[in-house]
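Undergrad: Numbering (the numbering used here), first residue to last: 2 to 311.
No residue lacks a Cβ here, since even glycine has one placed at the ideal position from N, Cα and C.
Note that the structure is predicted; figures quoted are calculated from it, not measured.
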Amino acid sequence: MNSNYADFNRQYDELYEKTKAEKRKINIIYTTIIVTGLVVMGYFLFIYDVRRDTAEIIRNIGGAILIILYIRQKRLTRRLDAKFKQSVIPEMIKTVNPNLTYNAGVGHSEDEFMKTEIYTGSIDDFYSSDLVEGNIDKTHLKISFIAASVKQKTGKSTMLVPVFEGTLVTLDFNKYFTGKTKIYTKDFIAKFEGLMNSFGDEYEKINLENADFNDKFIVYTTDVQQAFYILSPNLIEKIMEIQSFNGTSRNMDVLFIDNRLYITFEDVHFLDMNKADNYTEQIALFQSEIKYFINMVEILELNNRIWSKE
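Set out below in structure tokens:
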């Protein structure tokens, strides 16, 4: 595909406008239904004199229906986004790296996300998309956007609350290791302070010799010896370099498990069609982000295999 954005605009403008119109129609229909449902519930609960047990039934059933409708609305609009992006992006990704493929409607599995232990409870709504996958020399790279939410009760109402929205990157690591080692930014710890208590006795907090690293990150591990083996002084410097890539400090968390490297970037969605009317801006952002993730392979020297690791 021609990378010239003027040609790109002319070629896909009609499709993009049609997608936006279909999304607006879906949003109007479902918003009208949801608002009507809330009004009807309000009438029976606050104006019409119903018994307490009947009111509880109305709240529970009505609340469940409204959540289902909301999830359905989100999924329909996401499918439209995926259909549009699948028409546009696959060839565009080839301009970034010919070894990579793109699939708009799929991403990392829920099991892969749960391995990061960003959240250790059960997930009520999980969505992943914008899968970019392929090999960068010896290193397998997998990238996707993830949105995970849980049901939370506030008073008598139940709503979906996000526990993570952002990008997950998984990479082959260049050393064999056992156990699990996690690196969290201190911003993450502040946001999910209660989560740390759920790790249990298998994890031990360790300090590394790099004072700058310790100022930004907290490290937990199930195997102290393996953690120091993985986190060489050179790798520590590389992780800090990635975290502040291009002068932008990112909320980045890292997990070493099963001979793989899992990196999460909170609030990073490089193909969010809702954030810009001009979708070519999103394509430009997409290209820069993919290059950023590819560059991590080089920065971390993951193609430099250690001993028998191939």
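Among Ala149, Thr222 and Asp82, whose alpha-carbon lies nearest the alpha-carbon of Leu256?
TA: Taking the first residue of the sequence shown as position 1, residue 256 is located at position 255. Looking at the Cα atoms, Thr222 is the closest of the given residues.
Undergrad: If you follow the beta strand (DSSP E) that Asp254 is part of, which residue opens it and which one closes it?
TA: Stepping through the sequence shown from its first residue, residue 254 is reached at position 253. Looking at the DSSP string, the run of the beta strand (DSSP E) that includes Asp254 is Met253 to Ile258.
Undergrad: Apart from the five residues just before and just after Phe178, which ones in its own chain have a Cβ nearer than 6 Å to its Cβ?
TA: Taking the sequence shown and counting its residues from 1, the one referred to as residue 178 is at position 177. Residues of the same chain with a CB within less than 6 Å of the CB of Phe178, apart from the 5 flanking positions on each side, are Gln227 and Ile231 in chain order.
Undergrad: Just to confirm the assignment, what range does the beta strand (DSSP E) spanning Ile144 have?
TA: For the purposes of this step, residue 144 is identified with residue 143 of the sequence shown, where counting begins at 1. Thr140 to Thr155 is the extent of the beta strand (DSSP E) around Ile144.
Undergrad: Have a look at the DSSP bridge pairing and note the partners of Met160.
TA: In the sequence shown, residue 160 corresponds to position 159, counting from 1. According to DSSP, Met160 bridges with Gln153.
Undergrad: Are Thr78 and Ile30 close, meaning C-beta to C-beta below 8 Å?
TA: Taking the first residue of the sequence shown as position 1, residue 78 is located at position 77. Taking the first residue of the sequence shown as position 1, residue 30 is located at position 29. Contact: no.
Undergrad: Do Tyr120 and Val164 have their CB atoms nearer than 8 Å?
TA: Residue mapping note: residue 120 aligns to position 119 of the sequence shown, counting from 1. Residue mapping note: residue 164 aligns to position 163 of the sequence shown, counting from 1. Yes. Within cutoff.
Undergrad: Going by DSSP, which residues form a beta bridge with Thr171?
TA: Counting from 1 along the sequence shown, the entry for residue 171 is found at position 170. DSSP, once it has assigned bridges, lists Lys143 and Tyr263 as partnering Thr171.
Undergrad: Pull up the DSSP beta-bridge partners for Thr102, would you.
TA: Taking the first residue of the sequence shown as position 1, residue 102 is located at position 101. Answer is Glu134.
Undergrad: Quick check on the burial criterion: 16 or more other C-beta atoms within 10 angstroms. Buried or exposed for Leu142?
TA: In the sequence shown, counting from the first residue as 1, residue 142 sits at position 141. That one is buried.
Undergrad: Could you check the C-alpha separation between Val170 and Lys19 for me, to the nearest Å?
TA: Sequence index remark: in the sequence shown, residue 170 carries index 169 (1-based). Sequence index remark: in the sequence shown, residue 19 carries index 18 (1-based). Between Val170 and Lys19, the C-alpha separation is close to 32 Å.
Undergrad: Among residues of its own chain, excluding the 5 on either side of Tyr203, which ones have a beta-carbon nearer than 6 Å to its beta-carbon?
TA: The count along the sequence shown starts at 1 and reaches residue 203 at position 202. It is worth fixing the name first, because residue 203 is Glu in this sequence and not Tyr. The residues are Thr223.
Undergrad: Mark Glu205 as exposed unless 16 or more other C-beta atoms lie within 10 angstroms of its C-beta, in which case mark it buried.
TA: What you label residue 205 is simply residue 204 of the sequence shown in a count that begins at 1. Under this definition Glu205 is an exposed residue.
Undergrad: Just verifying my parser: in three-state terms, what is the DSSP assignment at Thr179?
TA: Walking along the sequence shown from the start, residue 179 turns up at place 178. Correct three-state label for Thr179: coil.
Undergrad: Compute the Euclidean distance between the alpha carbons of Glu92 and Asp216, then round it to the nearest angstrom.
TA: Stepping through the sequence shown from its first residue, residue 92 is reached at position 91. Stepping through the sequence shown from its first residue, residue 216 is reached at position 215. Cα to Cα, Glu92 sits roughly 42 Å from Asp216.
Undergrad: Does DSSP put Met197 in a helix, in a strand, or in coil?
TA: The residue labelled residue 197 in the question sits at position 196 within the sequence shown. Reliability of the predicted coordinates at Met197 is poor, the pLDDT of 48 falling under 50, and no value is obtained from them.
Undergrad: Nearest to Phe218 by alpha carbon, out of Val225, Ile240, Asn235 and Asn100?
TA: Taking the sequence shown and counting its residues from 1, the one referred to as residue 218 is at position 217. Looking at the Cα atoms, Ile240 is the closest of the given residues.
Undergrad: Report the rounded CA-to-CA distance for Arg306 versus Gly122, giving the unit in angstroms.
TA: Here the question's residue 306 lines up with position 305 in the sequence shown. Here the question's residue 122 lines up with position 121 in the sequence shown. Cα to Cα, Arg306 sits roughly 35 Å from Gly122.
Undergrad: Is it buried or exposed for Glu210, if we count other Cβ within 10 angstroms and need 16 for buried?
TA: Translated into the one-based positions of the sequence shown, residue 210 becomes position 209. Counting Cβ neighbours within 10 Å, Glu210 comes out exposed, since fewer than 16 surround it.
Undergrad: Is the CB-CB distance between Ser129 and Val107 below 8 Å?
TA: Taking the sequence shown and counting its residues from 1, one reaches residue 129 at position 128. Taking the sequence shown and counting its residues from 1, one reaches residue 107 at position 106. Contact flag set, yes.
Undergrad: Compare the beta carbon distance of Val151 and Ile144 with 8 Å and say whether it is the shorter of the two.
TA: In the sequence shown, counting from the first residue as 1, residue 151 sits at position 150. In the sequence shown, counting from the first residue as 1, residue 144 sits at position 143. Contact flag unset, no.
Undergrad: Given Asp138, which residues of its chain have a CB within under 8 Å of its CB, disregarding the five upstream and five downstream residues?
TA: Residue 138 sits at position 137 when you count from the first residue of the sequence shown. Once the five neighbours on either side are set aside, the close Cβ partners of Asp138 are Val298 and Asn304.
Undergrad: Could you tell me if Leu36 is buried or exposed, where buried requires 16 or more neighbouring beta carbons within 10 angstroms of its beta carbon?
TA: Residue 36 sits at position 35 when you count from the first residue of the sequence shown. For clarity, residue 36 is Val in the given sequence; the question names Leu instead. Flag for Val36 reads exposed.
Undergrad: Within this structure, are the beta carbons of Met253 and Ile237 separated by less than 8 Å?
TA: Here residue 253 is taken as the residue at index 252 of the sequence shown, counted from 1. Here residue 237 is taken as the residue at index 236 of the sequence shown, counted from 1. Their beta carbons are not under 8 Å apart, which means Met253 does not touch Ile237 by this criterion.
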